[in-house]
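Residue numbers (the numbering used here): 455 to 908. To keep things clear, I will list the structure first and then write my remarks on it.
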Amino acid sequence: MDLSCLKKLSKDEILEGSFGIERETLRVHSKGELSLTPHPEIFGDKITNPIVTTDFSESQIEIISPTFNNIDKAFSTFCALSDMVNESLPENEYFWFHSLPCILPEENDIPIAHYGDDEEGQKSEAYRIKLAKKYGLKKQMISGIHFNFSFADETLKKIYPKDSEQTFEEFKNEVYLKISRNYIRYCWLVIYLTGSSISCHETFTNDCIDLMDKKDEYGSYYSTKGASLRNGSCGYKNLKKLYPSYNSVEEFTQDISSYIESGDLSEAKELYTQIRLKPKHPKDLLNSLKDTGIEYIEIRTLDINPFYRCGLTKRDMQFLHLFIIYMLVKNESDYENWQEEALINEELSAERAFDDEMRLIRDGKETTLKEWGLELINEMHHMVDELGIYYHDMLDLMTLRLENPHVTYSKRLTKLIEKQGYVNTITDLSLKNKHKNKNTKINEMKKYRKLALK
């Protein structure tokens, strides 16, 4: 697949799809400490509420937006949901607007999410207990934003070669597999452009603290070189480096099954990667992938943005969408050890993006992040010209972030932390974000519930 296949489509067909956003976030109280209260009753049952549930902990809310066929509607609904949930918290609680945690209690005092006494609830809780023993409870407190996307089947059918020996389902799988392979190769750029997790409190894990080169006077640490420690080596990752095949659904599912048999994973959803292949029935991931193929992709790179009330900007969401399209048409390198190299670059960008001596590895050779990043953005400029979708202003903003690091989220945050410390900075930003928009009514939950159940 190359650029020519997309020229068969109209501008609207290129830009439409299915868009959804998920957000994990900690509940904290006024001192920047983790709230240890149960999941608020106002949100109802965690298992049956399709919009607001918990992730790992009772203190960690997960917001799941409905899906829409355009970014504008998906983004505005996600923001309305975020506002509504934040405003619905008790008066002394608010969202923590940073992907690395707030002030944490002792490990054993972090409350694991409770899902009731029925079979499904006990299974959900048992899985979290297993993760806690394997990775530690504090590591579970890392939070982020996930971007779910798929092309409309009608769109894919228009670019599906009629004389192909592949079935349409095989072609559709290959679309998402190619995007996944290239996204893994180039996610270091997304980490640099959108990263903002560069600080943590002394109550967090030592492996993250060891990556910080500065300490504030309030008991917190921060990095002046990193862009996103959440995406670095101290982030929430599998204990063993795993490189499943993305050549086909069959090879991918076989590899995941082998990781489960060897004990590296307890089940398929324990594979933590920058991008996930999602089937129609995610709860039965491997069988559903084999039976019905890839339904959509989930991108897991995005940090919570502390400067915007939703934790995400529409410009960044638009960039990620355009980046996905670019990943589909971009030629692939035939470098054999591409996954190992991609992981190295991912962690280098996360931990040392602003280190002048840092070099990424490109097919075995060194290059600078800025040089390679500008090359990719220039190719995206060419792509939007060819397709007539004219996102040049947004791409110019990304160019600015590459050429002037001080305008990146991570560097803007560093400047604030240097003045008033990590906890004070994120507390101030979090409270401002809570009170920026109070127009969303609590009873609109019914409306969003109906949307999600359609």
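C-beta atoms are modelled at their ideal positions from N, C-alpha and C, and glycine is treated no differently. Predicted model, so just to flag it, every value in this text is computed and none were measured.
Please check if any C-beta of chain D sits within less than 8 Å of the C-beta of residue i.
i      : result
Gln793 : As a matter of chain content, chain D is missing from the structure shown, which is built from one protein chain.
Does residue i pass the burial test, meaning 16 or more other C-beta atoms within 10 Å, or should it be called exposed?
i      : result
Leu631 : buried
Gly827 : buried
Thr621 : exposed
Pro544 : exposed
Glu963 : There is no way to answer for residue 963, as the model of the chain reaches only from 455 to 908.
Asn701 : exposed
Val861 : exposed
Lys626 : buried
Glu795 : buried
Asp719 : Contrary to the premise, residue 719 reads as Leu rather than Asp in this sequence. It counts as buried.
Gly717 : exposed
Ala528 : buried
Glu705 : exposed
Ile583 : exposed
Pro760 : buried
Ala606 : exposed
Ser489 : buried
Tyr562 : Before going on, a small fix: residue 562 reads as Asn here, not Tyr. Exposed: under 16 other Cβ atoms inside 10 Å.
His889 : exposed
His775 : buried
Leu766 : buried
His655 : buried
Sorted by chain position, which residues of the same chain lie with C-beta nearer than 6 Å to residue i's C-beta, five sequence neighbours on each side aside?
i      : result
Glu512 : Pro492, His493, Pro565, Ala567
Leu905 : In this prediction, Leu905 scores a pLDDT of 47, lower than 50, which makes its location untrustworthy; no coordinate-derived value is stated.
Ile831 : Leu849, Met852, Thr853
Trp642 : Asn799, Glu800, Ser803
Asp817 : Ser787, Tyr789
Glu820 : Arg813
Glu476 : Ile518, His600
Met781 : Ile633, Asn636, Tyr637
By Cβ distance, which residues of its chain are closer than 7 Å to residue i, with the 5 residues on each side in sequence left out?
i      : result
Lys734 : Ser742, Thr746, Glu749
Tyr842 : The residue you asked about is not Tyr; residue 842 is Gly in the sequence shown. If we look at Gly842 and ignore the five residues flanking it on each side, its Cβ neighbours are Lys465.
Gly575 : Ile501, Tyr569
Leu740 : Thr707, Ile710, Ser711, Ala722
Ile778 : Phe603, Ile633
Gln772 : Ile525, Tyr845, Met848
Thr881 : Gly486
Arg684 : Ser553, Leu554, Ile596, Gly598, Ser651, Asp757
I'd like to confirm the pairing. Which residues does DSSP put opposite residue i in its beta bridges?
i      : result
Ser513 : Ser513 pairs with nothing; no bridge assigned.
Lys632 : Note: Lys632 sits in no beta bridge, so no partner.
Ile475 : Phe601
Ser651 : Ser682
Val506 : Ile517
Leu488 : Val482
Ser674 : His655
Tyr548 : Val482
Cys816 : This sequence places Arg at residue 816; Cys is not what is there. Paired residues: Lys819.
Phe522 : Phe473
Lys668 : Tyr676
Ile557 : Glu487
Please go through the same chain and pick out, in chain order, the residues whose beta-carbon is closer than 8 Å to the beta-carbon of residue i, but skip the five residues on each side of it.
i      : result
Val703 : Asn627, Leu631, Leu731, Leu743, Lys744, Gly747, Ile748
Lys824 : Leu856, Glu857
Lys461 : Glu840, Leu841
Tyr672 : Gly875, Tyr876, Val877, Asn878
Throw me the rounded Cβ distance for the residue i and residue j pair, which I believe falls under 8 Å.
i      : j      : result
Asn540 : Phe549 : 5 Å
Val877 : Gly486 : 4 Å
Tyr640 : Ala681 : Not quite, the Cβ-Cβ distance comes to about 15 Å (not below 8 Å), so this is no contact.
Lys695 : Leu797 : 7 Å
Glu805 : Leu665 : 6 Å
Phe510 : Leu883 : So it is not a contact: roughly 23 Å between Cβ atoms.
Pro555 : Phe658 : 6 Å
Cys459 : Ile638 : No, Cys459 and Ile638 are not in contact; Cβ-Cβ is about 22 Å, not under 8 Å.
Tyr675 : Ser653 : 7 Å
Val783 : Asp537 : Not a contact, Cβ separation roughly 36 Å.
Point to revise | Sequence ranges, alpha helix (DSSP H) only - wholly within the region 694-756, length at least 4 | key: Here the runs fully enclosed are 703-716, 739-746.
Exercise for review: Only counting runs of 4 or more residues, tell me where the alpha helix (DSSP H) segments fall wholly within the region 755-780, in order along the chain.
Suggested key: Counting only runs that start and end inside the region 755-780, there is no alpha helix (DSSP H) element of at least 4 residues.
Check your understanding: Can you list, in chain order, the stretches of the alpha helix (DSSP H) that have 4 or more residues and sit fully within the region 839-869?
Key -> The qualifying runs are 846-857.
Review point. Can you list the alpha helix (DSSP H) stretches of 4 or more residues lying completely in the region 566-610, in chain order?
Key: Within the region 566-610, the complete alpha helix (DSSP H) runs of at least 4 residues are 573-589.
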